[in-house]
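Colleague:
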Amino acid sequence: MKRPIEFYSEGFKLCGDVYVPDGLAAGEIRSAVLLCHGYTGVK
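Under full-length UniProt numbering, think of the first position of the sequence shown as 1, with each following residue one higher.
(1) By how many angstroms is the C-alpha of Val20 removed from the C-alpha of Phe7?
(2) If you compare alpha carbons, which of Ala26, Ala25 and Val18 is closest to Ala32?
(3) State yes or no: is the C-beta of Gly16 within less than 8 Å of the C-beta of Ile5?
(4) So, with DSSP's three-state summary, where would you put Gly27?
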């Protein structure tokens with residue numbers, strides 16, 4: 001299931017999507033993969 005998220009960091013609004021596996025129970029802990037685009041090429 002795709003869930004849009006947004007939050008602020010140092011005054012900048014950051015937006016993204018969280019893909020939650022089907023059948024995830026409340027409080028259940030699972031591994032995650034985080035993809036961040038642009039951090040290595042922005043100066």
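The beta carbon of each residue, even a glycine, is placed where N, CA and C say it ideally should be.
Just so we're clear, the structure is a prediction, and the values are computed from it rather than from any experiment.
Modeller: Short version:
(1) If you number the sequence shown from 1, residue 7 lands on position 7. If you number the sequence shown from 1, residue 20 lands on position 20. Approximately 18 Å between the Cα atoms of the pair.
(2) Your numbering for residue 32 matches position 32 in the sequence shown. Out of Ala26, Ala25 and Val18, Val18 has the C-alpha closest to the C-alpha of Ala32.
(3) By one-based count along the sequence shown, residue 16 stands at place 16. By one-based count along the sequence shown, residue 5 stands at place 5. Result yes, Cβ atoms of Gly16 and Ile5 sit closer than 8 Å.
(4) For this step, residue 27 is matched to residue 27 along the sequence shown. It is coil, neither helix nor strand.
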